[in-house]
Amino acid sequence: MKSLLSLALLATLSLSSPAAPAADWWPASTAAALAAAGPNASELSRALREVPETQRDAMQFLIDNMPPPDLASLKADFLLGHVADAYASMAVAPWAKDIPKDIFLNDVLPYASLNERRDHGRRKVRDIAAPLVIGTKSPAQAAHALNQKLFPKVNVKYSTKRKKPDQSSLESLESGIATCSGLSILLVEACRSVGVPARVAGTPLWTNLRGNHTWVEIWDSGSWHFAGAAEPDGNGLDHGWFKGDAAAADDSKPAHRIYASSFRRTGTAFPLVWDRSINWVPAVNVTARYTGAAPPAASGTVRVLIRVLDKPNGTRVAVPVSITDAADSSRSFSGTSSSDTADLNNILPFQLTPGHQYLITAGKDPKSSSTTITVSSEPDQITTLSLPE
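As structure tokens, then:
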């Protein structure tokens, strides 16, 4: 696999002197993409002719794999600036020599992850992200640092009140709110802006039927690792509340598979639950990497999920929760419920014994609430407690 270090260093030199327009150097695959671009072919041709020779592979990759809406609309100046920025970021990344060329092209270079608005967010995000990764030595370290520091710094939080699920990074920065897809797009943009290979991953429907979810994958040392966007885990990458749900994915059913985004065409479409008509976002099926990844549950138990609201019909709130077996007070469990800034599917879990009765208490006096439940044999039972007003 080819290293990008020499290419990145050459690219920095080329930034100071724009390349003179070149003859048609590109292959038949690129010519076919230009033909499909219609009137916008002149813009893409200019990008191909003016890109520095050391960056030709990148420009060709983008245009060869560009989805139809982008072929018809993206301008030369946007593409030339974006490619130059990608090489400049790699030139200063401590791990540049460890990034294979194919990973750079597909998971650092691209200007988008899914179908989000195409805009000039990369430079703005890089200005914010670059200081946050100073001192990190690997893509994994940098990605974890960004997940810890980026969202508090830009004051972007999870909220179902966001304008749309597929927000671009700039749209999320402007509004201050996003759901899992928008948060993931922002974290991927931040990673790529500092030379960290990253992509969006997700499932259209958990096997427990509680809806879809989206997260981020980061490439480091030859393999992919996962993280929940704006949900950094104290243990680092490959940890998170959804690990058990992902381990239960069903590769035999497309709706229950796990997909990772790709810019390179793959023949598989990333399922966009907000617009089923879009089939031009490529994906790879990565279900096998997740199934069986979670530790097995204790024998003879089922998962019970506890949600706490700040008042009847209110919003989710983070408070202490305790559960005690009514027949054996020595068997007690505790945790903290998820607040309204956590993903809707991030619900406090406990492994409890079917047929047993449990006392559940949430909050602290004088603002606390209690209830008693009898656990059935059904998995993923959800109990909601409301605190007094």
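Start counting the sequence shown at 0; every next residue gets the next number (numbering that gives the first Met the number 0). We put the CB at the ideal spot given by N, CA and C, even for glycine. Note that the structure is predicted; figures quoted are calculated from it, not measured.
At the C-beta level, residue 356 and residue 325 come within 9 Å of one another. Looking from the CA of residue 77, the closest CA among 42, 95, 56 belongs to 42.
Each of 150, 184, 188, 256 was checked against the Cα of residue 175, and the nearest Cα belongs to 150. According to the DSSP assignment, residue 362 belongs to no alpha helix (DSSP H) but to the beta strand (DSSP E) extending over 356-363. It is roughly 15 Å from the alpha-carbon of residue 362 to the alpha-carbon of residue 323. Rounded to the nearest whole angstrom, the C-alpha separation of residue 180 and residue 327 is 43 Å.
By the Cβ neighbour-count rule, residue 54 is buried, with 16 or more other Cβ atoms within 10 Å of its own. No residue range can be given for residue 133, since it is assigned to no beta strand (DSSP E) and is classified by DSSP as neither H nor E. Taken atom to atom, the span from the alpha-carbon of residue 90 to that of residue 261 is near 23 Å. The continuous stretches of beta strand (DSSP E) do not include residue 386, and DSSP gives it neither H nor E. Membership of residue 48 in the alpha helix (DSSP H) is indicated by the continuous run 40-49. Residue 298 sits in coil when the DSSP states are folded into three classes, being neither helix nor strand.
Annotation for residue 201: the continuous beta strand (DSSP E) segment containing it runs 197-202.
Restricting attention to 282, 299, 210, the CA atom closest to the CA of residue 343 is found in 210.
Checking the DSSP bridge columns, you'll see residue 191 has no partner listed.
The C-alpha of residue 193 is placed about 31 Å away from the C-alpha of residue 290. Burial is judged here by how many other beta carbons sit within 10 angstroms of a residue's own beta carbon; residue 184 has at least 16 and is buried.
Excluding the 5 residues flanking it on each side, residue 110 has same chain C-beta neighbours closer than 7 Å at 81, 117, 121, in chain order. A direct Cα-to-Cα measurement between residue 113 and residue 104 gives close to 16 Å. The alpha-carbon separation between residue 152 and residue 144 amounts to approximately 12 Å.
Comparing C-alpha distances from residue 65 to each of 33, 86, 49, 79 shows the shortest one belongs to 33. A direct Cα-to-Cα measurement between residue 286 and residue 22 gives close to 44 Å. If you check the CB distance, residue 305 and residue 348 come in under 9 Å. Counting the other Cβ atoms within 10 Å of the Cβ of residue 335 gives fewer than 16, which makes it exposed. Put simply, of 70, 219, 201 the residue whose alpha carbon is nearest the alpha carbon of residue 135 is 219. Of the residues assessed, residue 312 falls on the exposed side of the cut-off, its CB having fewer than 16 other CB atoms within 10 angstroms. In the structure shown, residue 284 adopts extended strand secondary structure according to DSSP, grouped into three states. Counting only unbroken stretches of 3 or more residues, no beta strand (DSSP E) element lies wholly within the segment 43-98. The three-state reading of DSSP puts residue 121 in helix, counting H, G and I together. Between residue 269 and residue 282, the beta carbon gap of about 4 Å places them in contact (Cβ cut-off 8 Å). Annotation for residue 376: 301, 353 place their beta carbon closer than 7 Å to its own, counting only its chain and skipping 5 residues before and after. Cβ-Cβ distances below 7 Å link residue 272 to 203, 211 in the same chain, with the five nearest sequence neighbours on each side left out; the list follows chain order. Per DSSP, residue 366 is one residue of the beta strand (DSSP E) stretching across 366-373. Judged by DSSP secondary structure, residue 332 falls outside any alpha helix (DSSP H) and instead within the beta strand (DSSP E) spanning 327-335.
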